[in-house]
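Undergrad: The structure is given below, and queries will be raised subsequently.
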Amino acid sequence: MGLHPLEFSESYLDSPSFREKVKAHEAELDKTNRFIKELYKDGKNLINATKQLAMAQRKFAQCLGEFQFEYIGDAKTDDERCIDESLQEFSSFLRNLEDQRELMMRNITETLMKPLEKFRKEQLGSAKAERKKYEKETEKYYSSLEKLLNMSSKKKEPQLQEADGQVETNRQHFQELSLEYVCKLQEIQERKKFECVEPMLAFFQTVFTFYHQGYELAKDFDHYKRALQINIQNTRSRFEATRSEVYELMKKIKDSPQEYRQTSPITSEGYLYVQEKRPPPFGSSWVKRYCTFVKEQKILHMATYDHRSGGKIGETESVMLKSCVRKTTDVLDRRFCLDIETTDRPGTVVTVQALSEDDHKFWMQAMGGREPIQYLARAHSKERGIDTQLDEVGFSFVKNSINAIEKRGINDQGLFRVVGVSSKVQKLLSLMMDEKSSEVDLSVSDEWDVKTITSALKLYLRSLPEPLMTYGLYKEFIIPAKSGSPEARLQAIHCLVHKLPEKNRLVLGLLMNHLANVAANSKQNLMTMANLGVVFGPTLMRSEEETVAAIMDLKFQNIVVEILIEQHEKIFGDAPSLPSCASPFSAPTRQSKKLSRQSRPLAVYNPQVLDIQTVSGCSEGPSLAADEGSLGSNESVSSQSSTASATETPPQKAKSNHEAQCTPISPQNSGVNSRKAKAMYPCEAEHDSELSFQVGAIFHDVTVSREPGWLEGELEGKRGLIPENYVELL
């Protein structure tokens, strides 16, 4: 388990566990800050101390290899795994370069030093400043609160009101600052993955230019470089989409904080001041405790916790509730008090003080036998109040929209990303939901442009009472996206799709077929499967709860949609076999590709040279990709590693002493006699002993090689080695 998500609702409770989570995030940022400082220092050594190059490179490589990114949530995407592993890959390359003693590195200040230092100062520095403000406001609020609670109830009403108002102002300011600090922490945790790795890629580009074999090394490294570029861009796009959702949730909580107070049907929790009586003549004292009331068992757990004591959790005391009675001010000169009678300590009454009148009512309702506060399940609100249903009218609108888009705008740049005018979108959807006027043929109508139609289609899908892929199956769809082999992911999603209600499955299949057509034209419209996954992930599936943890699963929703698009013919064409769906989803370990470092180094990437432009993951405006070679194709690393495509993703060749390079998947065949074979994947030989071939090539006189995982065969008069899992025996 990585870092816990920091829920906005928890910042209102300000519980000890929440503070522990915040401390963990702060510690991770401190670690990152130290890491960047150390990396910066080592980079300067590489520039100014060329005579100590070997020592500096070893230290630099060690720093890279030992650092590992922490992640929020319970799993990482394939893109994040590749990004996380990239530091170890870079470290391995540096150790190899140290043996070659080639020309010293130059010009790394602009490509490595400045971006890292900028990130450290602007991002990590701002987090440190926010941390100080947060600690200061914490002290200010709780000090003013204690002062208020110690105020005599016999004070004049204006004085009491003034004091209440001051504390309320401090509380609001503290909670708003807490929300912003929580958001800032999580934003930087996500941002650092690409902000730190990208300059390192640029650094490696610089290194290659000063080596005699730089050109050959860069050519050998091209596959990894492109894959990592896509990893970073996918992660960046998902970050932008996730960030917009987080900010939207934060805005909702700011507007209606009481509606988002995290109350469970099982427990109620929050701070109470507990009166501790002492022997005469010492009187009594009031101690702040974090209390959790278990409703069914009627047990109140009280943990001592003070922010000023270094945030340490003290002893926990538990009592069993018998009754709860309001304490009047004529008996005790303190407001918001309750007398709790216990069953495990007959005759003992525990007096507690709530933080405010609202908090007093909350505890009275929780412990006094009144109607309990039910957990507020906030269903996803319908946009603009349009009544949409998954019925014949809706199905007709989906088909009508798809037909119009494919006839009129399949090659429009930023299709589904560029949004229409809101009022026109609302008007079109309202019109199409009217049975009397829903027969309008959008493919020939000049009144509605393509971006209005695409926006109306997305709005229809978002406005359904339940997402197209249903709340009930949401978690089941997310599980295979988080782990497992490509084949297992495909099998699990195939089975789950056929668990959907028939009308949902029909509409989903129709939509996926359409999106596959859109992705097939990505060279013109720049909407790859990865980009379409970002657009339609939160549209087709979402959690029933609005929490930061749910938002962090957006990236896995995108992966599910990518698999549905890429494998739509298999998933929607045939029903899965019963045996394949009978057993629960298994998650075998995913093997990452490792190249031999004796002959080929790690990736090179300089964003200033490549000048990559991509479609923004946050705004839906027409910001479009220009680098067709790296980002304009239908491929994304997440979709390649999430699916088993026999036509796009070749298997991994067995490692031999000559290290042929191709893309990995699990092997298929073994143990053959002399016969013919057909190539199922293309492969380029890297050694004289290997054969290069394209898909469909026919090999003659095929025999088993002495090298495990390899065959020997003849192609066009030349005999050589063939990776066994790249061919099908005839």
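Every letter in the sequence shown is one number past the one before it in the UniProt record's numbering, and letter 472, counting from 1, is 472.
The beta-carbon is built from N, C-alpha and C at its ideal position, and this holds for glycine as well.
Source: prediction; values computed, not measured.
Quick check on Tyr273: does DSSP put it in helix, strand or coil?
TA: Looking at Tyr273 - three-state DSSP - the assignment turns out to be strand.
Undergrad: Around the C-beta of Lys288, are 16 or more other C-beta atoms found within 10 angstroms, so that it is buried, or is it exposed?
TA: Buried is the call here.
Undergrad: Can you tell me the Cα-Cα spacing of Thr169 and Thr267, whole angstroms?
TA: Each residue's Cα considered, the two are about 28 Å apart.
Undergrad: May I ask you to report which of helix, strand or coil DSSP gives Gly314?
TA: In the structure shown, Gly314 sits in a strand (DSSP, three-state: E or B).
Undergrad: Please name the residue in Ala550, Asp164, Ser422 whose C-alpha comes closest to that of Ala75.
TA: Considering only alpha carbons, the answer is Ala550.
Undergrad: Would you tell me roughly how many angstroms separate the C-alpha atoms of Ser20 and Phe174, rounded to the nearest one?
TA: In the sequence under discussion, the amino acid at residue 20 is Glu, which differs from the Ser named in the question. Going from the Cα of Glu20 to the Cα of Phe174 covers about 18 Å.
Undergrad: Would Gly347 be called buried (16 or more neighbouring beta carbons within 10 Å of its own) or exposed?
TA: It is exposed - the Cβ of Gly347 has fewer than 16 other Cβ atoms within 10 Å.
Undergrad: Count Cβ pairs between the stretch 119-137 and the stretch 154-162 that sit closer than 8 Å; are there 3 or more?
TA: Touching, no.
Undergrad: Decide yes or no for the touch test of the stretch 527-547 against the stretch 557-573: beta carbon pairs closer than 8 Å, at least 3 of them.
TA: Counting Cβ pairs under 8 Å, three or more are found: they touch.
Undergrad: Less than 9 Å between the beta carbons of Asp42 and Ala54, yes or no?
TA: Result no, Cβ atoms of Asp42 and Ala54 do not sit closer than 9 Å.
Undergrad: Sort out for me which residues DSSP pairs His301 with in a bridge.
TA: Beta-bridge pairing links His301 to Thr292, Ser318.
Undergrad: Helix, strand or coil for Pro465, going by three-state DSSP, please let me know.
TA: Reduced to three states, the DSSP call for Pro465 is coil.
Undergrad: Which of helix, strand or coil does DSSP assign to Gln608?
TA: Bear in mind that a pLDDT of 38 at Gln608, under 50, signals an unreliable position, so the number given afterwards is only what the model happens to contain. In the structure shown, Gln608 sits in a helix (DSSP, three-state: H, G or I).
Undergrad: Is it the case that the stretch 317-326 contacts the stretch 342-361, given that we only count it when at least three CB pairs across the two stretches are under 8 Å?
TA: Counting Cβ pairs under 8 Å, three or more are found: they touch.
Undergrad: Per DSSP, what kind of secondary structure is Thr267 in: helix, strand or coil?
TA: Residue state, collapsed to three classes: strand.
Undergrad: For Tyr40, tell me which candidate among Asp30, Glu117, Val22 has the shortest Cα-Cα distance.
TA: The shortest C-alpha separation from Tyr40 is found at Glu117.
Undergrad: Do you know offhand how far Gln297's Cα is from Ala366's?
TA: Each residue's alpha carbon lies about 12 Å from the other.
Undergrad: Pick helix, strand or coil for Arg95, following the three-state DSSP scheme.
TA: Residue state, collapsed to three classes: helix.
Undergrad: Please state whether DSSP places Ile478 in a helix, a strand or coil.
TA: Correct three-state label for Ile478: helix.
Undergrad: With 16 as the cutoff for other CB atoms within 10 Å, does Glu716 come out buried or exposed?
TA: It counts as exposed.
Undergrad: Buried or exposed for Tyr247, please, with buried defined as at least 16 other CB atoms from any protein chain shown within 10 angstroms of its CB.
TA: By the 10 Å Cβ count, Tyr247 comes out exposed.
Undergrad: Pop quiz: Leu691 and Thr703 are said to be a contact at Cβ under 8 Å. What is the actual Cβ separation, rounded to whole angstroms?
TA: Leu691 to Thr703, Cβ: 13 Å. No contact.
Undergrad: Per DSSP, which one or two residues make a beta bridge with Glu728?
TA: In DSSP, Glu728 forms a bridge with Lys678.
Undergrad: So for Phe67, helix, strand or coil by DSSP?
TA: Here Phe67 sits in coil by DSSP.
Undergrad: Check whether the stretch 467-476 and the stretch 426-437 touch, using three or more Cβ-Cβ pairs below 8 Å as the test.
TA: Too few Cβ pairs lie closer than 8 Å, so no.
Undergrad: Mind checking which residues open and close the beta strand (DSSP E) that includes Gly713?
TA: Unbroken beta strand (DSSP E) run through Gly713: 710-715.
Undergrad: If we ignore side chains and look at the alpha-carbon of each, how far apart do Glu546 and Asn725 end up?
TA: Whole-angstrom Cα-Cα distance: 46 Å.
Undergrad: Between the C-alpha atoms of Thr292 and Glu240, what's the straight-line distance to the nearest angstrom?
TA: Approximately 37 Å, taken between the alpha carbons.
Undergrad: Going by DSSP, name the residue or residues bridged to His700.
TA: Looking at the DSSP assignment, His700 forms a beta bridge with Glu714.
Undergrad: So, Lys555 versus Thr32, is the Cβ gap smaller than 9 Å?
TA: Result no, Cβ atoms of Lys555 and Thr32 do not sit closer than 9 Å.
Undergrad: May I have the straight-line CA-CA distance separating Leu228 from Glu195, to the nearest angstrom?
TA: Roughly 14 Å separates the two Cα atoms.
Undergrad: Taking the straight line between their C-alpha atoms, what separation do you get for Gln62 and Asn231?
TA: Roughly 24 Å between the two C-alpha positions.
Undergrad: Could you pull out every residue in the same chain whose Cβ sits closer than 7 Å to the Cβ of Lys277, ignoring the five residues on either side in sequence?
TA: Taken in chain order, the residues that qualify are Ser284.
Undergrad: Comparing alpha-carbon positions, which option in Lys192, Asp358, Glu89, Gly125 lies nearest Tyr224?
TA: Comparing Cα-Cα distances from Tyr224 to each of Lys192, Asp358, Glu89, Gly125, the minimum goes to Glu89.
Undergrad: Using DSSP's beta-bridge definition, name the partner residues of Arg719.
TA: Per DSSP, Glu714.
Undergrad: Determine the extent of the beta strand (DSSP E) in which Thr235 is found, giving its start and end residues.
TA: No beta strand (DSSP E) holds Thr235; the alpha helix (DSSP H) holding it covers 222-255.
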